[in-house]
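A.B. asks: The structure's right below; bear with me while I get my questions together.
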Amino acid sequence: MPDVLTYVLHFEGAFNKNSLGAVSEGAARAEEIGGQCHALVLGGDDLTDELCSSLGAYGATKVFRARGPEGLAQPVIDAMAKAIDDQGHGYALFGGGLLGFEIGAGLAARKQAGVTMEVTSVRAEDGKLVAERPILQDSQISVSRYRGDLGIIIGRINAFEVVSRDGGSAEVVDLDIEYSSWSTQASMVQRGEQRGADVDIEGADVLVAGGRGLGQAENFKLAEDLASAFGGNTAVAATRAVVDAGWYPYAAQIGQTGKTVAPKLYLAAGISGAIQHKVGMQSSENIVAINKDANAPIFEFSDLGIVGDLNKILPKLTEAIKDRKGS
Amino acid sequence: MKICVLVKEVPDAAVEKRIDPSTGRMDRSGEKNLNPYDTHAIEAAMQIREGGSVQVDEIVAVTMGPESAVRALHKSVSLGADRSLHLTDPALAGSDVAATGYALSKALEKEQPDLVLLGQQSDDGECYTIGAVVADHLKMPSLTQVIKMDVDGGSLRCERQAEYGYDTVQVELPAVISVGDAINEPRYPSLKAIMGAKKKPLETVSTGEVGIESGLVGEEGSRVQCGDFHDPPAKAPGQIIEDEDTNETVEKIVAWLDERKLI
Numbered sequence: 008m009p010d011v012l013t014y015v016l017h018f019e020g021a022f023n024k025n026s027l028g029a030v031s032e033g034a035a036r037a038e039e040i041g042g043q044c045h046a047l048v049l050g051g052d053d054l055t056d057e058l059c060s061s062l063g064a065y066g067a068t069k070v071f072r073a074r075g076p077e078g079l080a081q082p083v084i085d086a087m088a089k090a091i092d093d094q095g096h097g098y099a100l101f102g103g104g105l106l107g108f109e110i111g112a113g114l115a116a117r118k119q120a121g122v123t124m125e126v127t128s129v130r131a132e133d134g135k136l137v138a139e140r141p142i143l144q145d146s147q148i149s150v151s152r153y154r155g156d157l158g159i160i161i162g163r164i165n166a167f168e169v170v171s172r173d174g175g176s177a178e179v180v181d182l183d184i185e186y187s188s189w190s191t192q193a194s195m196v197q198r199g200e201q202r203g204a205d206v207d208i209e210g211a212d213v214l215v216a217g218g219r220g221l222g223q224a225e226n227f228k229l230a231e232d233l234a235s236a237f238g239g240n241t242a243v244a245a246t247r248a249v250v251d252a253g254w255y256p257y258a259a260q261i262g263q264t265g266k267t268v269a270p271k272l273y274l275a276a277g278i279s280g281a282i283q284h285k286v287g288m289q290s291s292e293n294i295v296a297i298n299k300d301a302n303a304p305i306f307e308f309s310d311l312g313i314v315g316d317l318n319k320i321l322p323k324l325t326e327a328i329k330d331r332k333g334s
Numbered sequence: 009m010k011i012c013v014l015v016k017e018v019p020d021a022a023v024e025k026r027i028d029p030s031t032g033r034m035d036r037s038g039e040k041n042l043n044p045y046d047t048h049a050i051e052a053a054m055q056i057r058e059g060g061s062v063q064v065d066e067i068v069a070v071t072m073g074p075e076s077a078v079r080a081l082h083k084s085v086s087l088g089a090d091r092s093l094h095l096t097d098p099a100l101a102g103s104d105v106a107a108t109g110y111a112l113s114k115a116l117e118k119e120q121p122d123l124v125l126l127g128q129q130s131d132d133g134e135c136y137t138i139g140a141v142v143a144d145h146l147k148m149p150s151l152t153q154v155i156k157m158d159v160d161g162g163s164l165r166c167e168r169q170a171e172y173g174y175d176t177v178q179v180e181l182p183a184v185i186s187v188g189d190a191i192n193e194p195r196y197p198s199l200k201a202i203m204g205a206k207k208k209p210l211e212t213v214s215t216g217e218v219g220i221e222s223g224l225v226g227e228e229g230s231r232v233q234c235g236d237f238h239d240p241p242a243k244a245p246g247q248i249i250e251d252e253d254t255n256e257t258v259e260k261i262v263a264w265l266d267e268r269k270l271i
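Keeping their order, the protein sequence lines are chains A and B.
Numbering-wise, the first sequence is residues 8 to 334 according to our numbering.
Numbering-wise, the second sequence is residues 9 to 271 according to our numbering.
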């Protein structure tokens, strides 16, 4: 069957941007192979008829609504497997993110389906969907073709653009799910806890970002000093590794499970440039990287790369910018 | 409690990785090492044992791969595993993620662990997904990217970063948990442990011995075929400055920023 099923994540009554991108992408590709795009949502009472049917504006024709615990993958696997059994979808599509990976992989196991993750592009070919995925640190593109009844496509974060259409209201169908015993053996104690100060990095024109190469939490001062030398609409951001280590607040995190930024200038200090980080900042207009490892992947996508010790370079750069501003 | 840690042999990070054009698979020849992310999973198992809140009877390293994969098992044992299980069979070659997860789950069924631990991703395939595949086959609850884990009676209290902040999740055992690299700092093996690693029990099993259906693994059993490898669109390489004289370097950076009106 040429229909595509997408999973749409929500939190506090709002849908996730990457999930909406998956709906847009699913709708566009399904049309090319003569099918429709459906969406599945799972949660509590905040999933109102109105909210669910609004997914029609992104191209979904039908929304399956299941009642169950939010924020965990395994209940969604049960619900998607049920929807696919009922409707015979040919593809399941995810917009990336942590839950998308877990649900897509678990669904592949449940339905004996092929799965491709980190997909950056989907296209129709002879009435089927084909997925492209960068591999080997993005140095090669691999093309996935599916066998069997179901193909699972997990997008890379920000790979699918959100496209809203005029009108479009989706039919809402309640799914009655009998959850697997193991799906109910994990329970959410606390969801979406913010740790550290609330900072705004998404609106900044200049971002100075720090990674593990800073060496210790105290060295974020070097990044903060440089940011304040630039003045104006400037902020300091961080990688996941240092946020998880407690060096910097979660609100400042860029990448896979953090924020996506596109400032005029992105200055990366002590960041190696893992894919999970790259997906959150690669649209920045100008990327400058300082790293002591000449082989760091970040140099492959920076516009200006400095191989050297940031402890020496950052303080002098801060002074030089201050002088330049003062003159 | 019995803990199984899934480990994998990957090409050494310093070796350039490539696709073998004749087979369309990753060229896995050359220097190999234990996937660095897996060392965090072994360390997590060791910390549960040493933490004392639950008695850990055994830590077993489990891998699937060709003969050379025993080196990853020896490394795992030197880091603290008590013994290892090696699933190896020519029939497994070419297995995709779903087939690999299925095969590993059959090997794990033989061990009946209370907890399966693994690293957040492999250094070569960049997959974050194998834990979820294994968990569904084993019918166990599962969580990935866990950065804090406490044993609490018959369950685990896990923390991880998800889309909207930090989540705390209570997971009943038995369970499959993939740990993030922020969970711990893996220890270095002692010389004695390295020397003794080859003497620890290592069992080798084939697909038939753990009840793997041959139609569900290998190239035939894989539902996704990868091919048409090609280069991504070329991006103009950026300018690189090697810092020798820092004052000069800083001047160059400022000039570069100035040119683009970024100051």
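Glycine included, every Cβ here is placed at the ideal spot set by N, Cα and C.
This one's a predicted model, so the numbers in the text were calculated from it and none came from an experiment.
Would you kindly work out how many angstroms separate the C-alpha atoms of D52/A and I184/A, rounded to a whole number?
C.D. replies: About 16 Å.
A.B. asks: Taking only the alpha-carbon atoms, compute the straight-line gap between A301/A and I110/A and give it to the nearest angstrom.
C.D. replies: Straight-line Cα distance between these residues: approximately 37 Å.
A.B. asks: With DSSP as the reference, please indicate the residues paired to A46/A in a beta bridge.
C.D. replies: Beta-bridge pairing links A46/A to T13/A, V70/A.
A.B. asks: Please list, in chain order, all residues of the same chain as R91/B whose beta carbon is under 8 Å from its beta carbon, the five residues on each side excluded.
C.D. replies: Excluding sequence neighbours, R91/B sits near E66, V68, A69, V85, K208, P209, L210, E211.
A.B. asks: State yes or no: is the C-beta of V137/A within less than 8 Å of the C-beta of V150/A?
C.D. replies: A contact, by the Cβ cut-off of 8 Å.
A.B. asks: Which partner residues of V213/A appear in the DSSP bridge assignment?
C.D. replies: According to DSSP, V213/A bridges with T241/A, L272/A.
A.B. asks: Helix, strand or coil: how does DSSP classify I40/A here?
C.D. replies: Of the three classes helix, strand and coil, the one that applies to I40/A here is coil, per DSSP.
A.B. asks: Exposed or buried, L199/B, counting other C-beta atoms within 10 Å across all chains shown (16 or more means buried)?
C.D. replies: By the neighbour-count rule (16 or more Cβ atoms within 10 Å), L199/B is not buried but exposed.
A.B. asks: Between which two residues does the alpha helix (DSSP H) harbouring T108/B extend?
C.D. replies: That run of the alpha helix (DSSP H) goes 105–119.
A.B. asks: Are the CB atoms of M34/B and G88/B nearer to each other than 8 Å?
C.D. replies: In this structure, G88/B does not lie closer than 8 Å to M34/B by Cβ.
A.B. asks: Answer yes or no: do I320/A and N298/A have a C-beta to C-beta separation smaller than 8 Å?
C.D. replies: In this structure, N298/A does not lie closer than 8 Å to I320/A by Cβ.
A.B. asks: Can you tell me which of P240/B, V13/B, E39/B puts its alpha carbon nearest to the alpha carbon of R140/A?
C.D. replies: The residue with the shortest Cα to Cα distance from R140/A is P240/B.
A.B. asks: With DSSP as the reference, label I185/B as helix, strand or coil.
C.D. replies: Correct three-state label for I185/B: strand.
A.B. asks: How would you write the range of the alpha helix (DSSP H) that I282/A sits in, first residue to last?
C.D. replies: Start and end: 282–288.
A.B. asks: Give the interface partners of K271/A over in chain B, defined as CB-CB distance under 8 Å, in chain order.
C.D. replies: Simply L270.
A.B. asks: Measure from the C-beta of G199/A to each C-beta in chain B and report whether the shortest distance is under 8 Å.
C.D. replies: It does; some Cβ of chain B falls within 8 Å.
A.B. asks: Counting only Cβ pairs nearer than 9 Å, list the residues of chain A close to G162/B.
C.D. replies: Going along chain A, no residue has its Cβ under 9 Å from G162/B, so there is no contact; the nearest lies around 10 Å.
A.B. asks: Let me make sure I understand the geometry here. Which of E51/B, G162/B, T31/B has the alpha-carbon closest to that of P194/B?
C.D. replies: The shortest C-alpha separation from P194/B is found at E51/B.
A.B. asks: Curious, which full-length beta strand (DSSP E) runs of at least 3 residues does the region 81–106 of chain A contain?
C.D. replies: Fully enclosed beta strand (DSSP E) runs of 3 or longer: 98–101.
A.B. asks: Tell me the DSSP bridge mates of P19/B?
C.D. replies: Its beta-bridge partners are K40/B.
A.B. asks: Using DSSP's beta-bridge definition, name the partner residues of Q223/A.
C.D. replies: In the DSSP output, where bridge partners are listed per residue, Q223/A has none listed.
A.B. asks: Give a yes or no on whether 8 Å exceeds the smallest Cβ distance from T267/A to chain B.
C.D. replies: Answer no: the Cβ-Cβ gap between T267/A and chain B never drops below 8 Å.
A.B. asks: Note down the Cα distance separating A67/A from K271/A, rounded to an integer number of angstroms.
C.D. replies: Taking the straight line joining both Cα atoms gives about 35 Å.
A.B. asks: Report buried or exposed for S222/B, applying the criterion of at least 16 other Cβ atoms within 10 angstroms of its Cβ.
C.D. replies: The residue is exposed, with fewer than 16 neighbouring Cβ atoms inside 10 Å.
A.B. asks: Applying a beta-carbon distance threshold of less than 9 Å, which residues of chain A neighbour V154/B?
C.D. replies: By Cβ distance, chain A contributes nothing, its closest Cβ being about 11 Å from V154/B, past 9 Å.
A.B. asks: Under three-state DSSP, which class holds K332/A?
C.D. replies: In this structure, K332/A counts as helix in the three-state DSSP scheme.
A.B. asks: Pull out every residue of the region 168–179 of chain B whose Cβ sits closer than 9 Å to any Cβ of chain A, in chain order.
C.D. replies: Hits within the stretch, in order: R168, Q169, A170, E171, Y172, G173, Y174, D175, T176, V177, Q178, V179.
A.B. asks: When the cut-off is 8 Å and only beta carbons count, does R167/A lie next to chain B?
C.D. replies: In the sequence as displayed, the identity of residue 167/A is Phe instead of Arg. With 8 Å as the cut-off, F167/A does not count as an interface residue toward chain B.
A.B. asks: Going by the beta-carbon positions, is the gap between I248/B and V314/A smaller than 8 Å?
C.D. replies: Taking 8 Å as the Cβ cut-off, I248/B and V314/A qualify as a contacting pair.
A.B. asks: Mark K118/A as exposed unless 16 or more other C-beta atoms lie within 10 angstroms of its C-beta, in which case mark it buried.
C.D. replies: K118/A is buried by the Cβ-count criterion.
A.B. asks: For a cutoff of 8 Å on Cβ pairs, would you count G102/B as touching chain A?
C.D. replies: G102/B does not count as touching chain A.
A.B. asks: Pop quiz: L112/B and V142/B are said to be a contact at Cβ under 8 Å. What is the actual Cβ separation, rounded to whole angstroms?
C.D. replies: Right, the Cβ-Cβ distance comes to about 5 Å (below 8 Å), so this counts as a contact.
A.B. asks: With three or more beta-carbon pairs closer than 8 Å as the criterion, would you say the region 104–118 of chain B touches the region 221–236 of chain B?
C.D. replies: Counting Cβ pairs under 8 Å, three or more are found: they touch.
A.B. asks: With a threshold of 8 Å, are at least 3 pairs of Cβ atoms found where one atom belongs to the region 77–89 of chain A and the other to the region 71–82 of chain B?
C.D. replies: The answer is no - the region 71–82 of chain B does not touch the region 77–89 of chain A, with fewer than three Cβ pairs under 8 Å.
A.B. asks: Using alpha carbons as the reference points, say which of I208/A, G102/A, E19/A lies closest to V11/A.
C.D. replies: Minimum Cα distance to V11/A is reached at G102/A.
A.B. asks: Do M9/B and L189/A come within 8 Å of each other at the CB atom, strictly closer than that value?
C.D. replies: Per the sequence presented here, residue 189/A reads as Trp, with Leu not at that position. Not closer than 8 Å, so no.
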